[in-house]
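Worksheet: one structure, shown below.
In this note's numbering, the protein residues as written are 236 to 601.
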């Protein structure tokens, strides 16, 4: 069976305490880089065994060697500095949290493989299908769309996108040449543009939500038209995931027609763990030949979902898209940043095991 599988994991896993401590020692100059790499490799091996023992068919490295879901990518490139993002994270108590994002202060260049080393290490450890996760290109732009680059370097957006498209095309080509056949793009901005308050904020800063969405979809089309033959590409839609906090709310309807109809991926991994994600009606717009992985299990809280409730929600989604085109996953990773979400490793394992068990009950296979 080709991916996506009936039971999927989005990507990141909680960093073990020992690995977090080792990273701090590395930063403080108390641990040699080679010693840290050995510890990291062992932790990734444990993460692979966890996923395979639970019964998952696609396997990630838990993103254990990354600073965050996005930061690692530009940290391994040339041409960036950090500035405050235009948007803030929120929590259940109504608090807001600022965070930094990248700004292009030089020409964006790929110094070498960005994720190829991650893939090769994972391939050497996994017996099942390795999956590599990358941030979608919109992340470079949207979080500071009003000032994404030094205009002395990129006076117009056309050259900015030309360089970024070249980076992504080269990275996908290198992954394909290394043997990678399963890639997931983590897309946050298009999901954020489902939120009416975010759309108003964009307008207040002089932006056009529809034009931005069209630009991001156009960039994805340019990148993916050159993807290696035989490579399955999925897209995860995320409303922000920082230690249990989020950036946006709102159902997929505002972007659904453009997203589902124009983005040339094989599967959409959609967050559906809370009312903030809206209902399943936008699934009616998913064209033939595209799968949807329902992110029904929350990685933001430790409470374990009910298997019966998950089955009920899968049945609801099947009113809009046939069961044979659906699958199940957590709504996001467990540690989009190194600090991780407020769960334990035991909570994490229980949730992944639930995904596999419910998928087997619903479809007869994981």
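Note that beta-carbon positions come from the ideal geometry of N, C-alpha and C, so glycine has one too.
These numbers were taken from a predicted model, which means no experiment stands behind them.
Original post:
So, using beta-carbon positions, are residue 448 and residue 378 closer together than 8 Å?
Top reply: As a working mapping, residue 448 is identified with position 213 in the chain shown. As a working mapping, residue 378 is identified with position 143 in the chain shown. No; because the gap between Cβ atoms is not below 8 Å, this pair is not in contact.
Original post:
Out of curiosity, what's the CA-to-CA distance linking residue 241 and residue 532?
Top reply: The residue given as residue 241 occupies position 6 in the chain shown. The residue given as residue 532 occupies position 297 in the chain shown. Cα to Cα, residue 241 sits roughly 14 Å from residue 532.
Original post:
Which first and last residues belong to the beta strand (DSSP E) in which residue 322 is found?
Top reply: Position 87 of the chain shown, counted from the start, is the residue given in the question as residue 322. No beta strand (DSSP E) holds residue 322; DSSP gives it neither H nor E.
Original post:
In terms of residue numbering, what span does the beta strand (DSSP E) encompassing residue 564 cover?
Top reply: For the purposes of this step, residue 564 is taken as the residue at position 329 of the chain shown. Taken as a continuous stretch (DSSP letters only), the beta strand (DSSP E) holding residue 564 covers 561–565.
Subject >> Cβ-Cβ separation, residue 570 to residue 249 (assumed contact under 8 Å), whole Å >> reply: The sequence position of residue 249 within the chain shown is 14, counting from 1. The sequence position of residue 570 within the chain shown is 335, counting from 1. At roughly 5 Å, the Cβ-Cβ gap stays under 8 Å, so residue 249 and residue 570 are in contact.
Original post:
Of all the options 339, 542, 371 and 450, which has the alpha carbon lying nearest to the alpha carbon of residue 404?
Top reply: Residue numbering aside, residue 404 sits at position 169 when the chain shown is read from its first letter. Among 339, 542, 371 and 450, the Cα nearest to that of residue 404 is on 371.
**OP:** Closer than 8 Å by C-beta to residue 438: which residues in its own chain qualify, once you throw out the five before and the five after it? Chain order, please.
**Re:** Walking along the chain shown from the start, residue 438 turns up at place 203. Correct list, in chain order: 444.
Original post:
Per DSSP, what kind of secondary structure is residue 296 in: helix, strand or coil?
Top reply: For the purposes of this step, residue 296 is identified with residue 61 of the chain shown, where counting begins at 1. Residue 296: coil per DSSP, three-state reduction.
Subject >> Alpha-carbon spacing of residue 435 relative to residue 352, whole angstroms >> reply: The residue you call residue 435 lines up with position 200 of the chain shown. The residue you call residue 352 lines up with position 117 of the chain shown. For residue 435 and residue 352, the distance between alpha carbons rounds to 41 Å.
Original post:
Going by beta carbon distance, what residues of the same chain come within less than 6 Å of residue 512, once the five residues before and after it are set aside?
Top reply: Taking the first residue of the chain shown as 1, we reach residue 512 at position 277. Excluding sequence neighbours, residue 512 sits near 506.
**OP:** May I have the straight-line CA-CA distance separating residue 311 from residue 305, to the nearest angstrom?
**Re:** Translated into positions along the chain shown, residue 311 becomes position 76. Translated into positions along the chain shown, residue 305 becomes position 70. For residue 311 and residue 305, the distance between alpha carbons rounds to 11 Å.
Original post:
Which residues mark the beginning and the end of the beta strand (DSSP E) in which residue 471 is found?
Top reply: By 1-based counting over the chain shown, the position of residue 471 is 236. Taken as a continuous stretch (DSSP letters only), the beta strand (DSSP E) holding residue 471 covers 467–472.
Original post:
Thinking just about the alpha-carbon of each residue, which of 598, 568 and 550 is nearest to the one in residue 584?
Top reply: Working through the chain shown from its first residue, we reach residue 584 at position 349. Ranking 598, 568 and 550 by Cα distance to residue 584 puts 568 first.
**OP:** Could you name the residues of the same chain whose beta carbon sits closer than 6 Å to that of residue 286, not counting the 5 residues immediately before and after it, in chain order?
**Re:** As a first step, residue 286 is located in the chain shown; it is residue number 51 there, counting from the start. Answer for residue 286: 294, listed in chain order.
Subject >> residue 332 (DSSP reduced to helix, strand or coil) >> reply: The residue labelled residue 332 in the question sits at position 97 within the chain shown. Reduced to three states, the DSSP call for residue 332 is strand.
Subject >> Residue(s) in a DSSP beta bridge with residue 345 >> reply: Within the chain shown, numbered from 1, the residue matching residue 345 stands at position 110. Beta-bridge pairing links residue 345 to 312.
Original post:
Can you tell me where the beta strand (DSSP E) with residue 502 in it begins and where it stops?
Top reply: In the chain shown, counting from the first residue as 1, residue 502 sits at position 267. 502–506 is the extent of the beta strand (DSSP E) around residue 502.
Original post:
Which residues in the same chain have their Cβ closer than 8 Å to the Cβ of residue 346, if we skip the five residues on either side of it in sequence?
Top reply: Taking the chain shown and counting its residues from 1, the one referred to as residue 346 is at position 111. Answer for residue 346: 311, 312 and 313, listed in chain order.
**OP:** Report the residue ranges of all beta strand (DSSP E) runs contained in full by the segment 362–445; include only those spanning at least 3 residues, in chain order.
**Re:** 367–370 and 417–422
**OP:** From the DSSP output, in three-state form, read off residue 453 for me.
**Re:** Position 218 of the chain shown, counted from the start, is the residue given in the question as residue 453. Residue 453 falls in the helix class under three-state DSSP.
**OP:** Specify, as a first and last residue, the run of the beta strand (DSSP E) that residue 530 falls within.
**Re:** Looking up residue 530 in the chain shown gives position 295. Unbroken beta strand (DSSP E) run through residue 530: 526–532.
Subject >> Beta-carbon separation (whole angstroms), residue 605 vs residue 518, contact threshold 8 Å >> reply: With the chain running from 236 to 601 in the structure shown, residue 605 is simply not present.
Original post:
Tell me, which residues are paired with residue 571 by DSSP?
Top reply: For the purposes of this step, residue 571 is identified with residue 336 of the chain shown, where counting begins at 1. Paired residues: none, contrary to the question.
Subject >> Residues that residue 317 bridges to, as DSSP identifies them >> reply: By one-based count along the chain shown, residue 317 stands at place 82. DSSP lists 337 as partners of residue 317.
Original post:
Count the other CB atoms within 10 Å of the CB of residue 564; is the residue buried (16 or more) or exposed (fewer)?
Top reply: Locating residue 564 in the chain shown gives position 329, where the first residue counts as 1. Per the 10 Å Cβ criterion, buried.
Subject >> Distance between residue 579 and residue 486 (C-alpha atoms, nearest Å) >> reply: Taking the chain shown and counting its residues from 1, the one referred to as residue 486 is at position 251. Taking the chain shown and counting its residues from 1, the one referred to as residue 579 is at position 344. Going by the C-alpha atoms only, they are around 29 Å apart.
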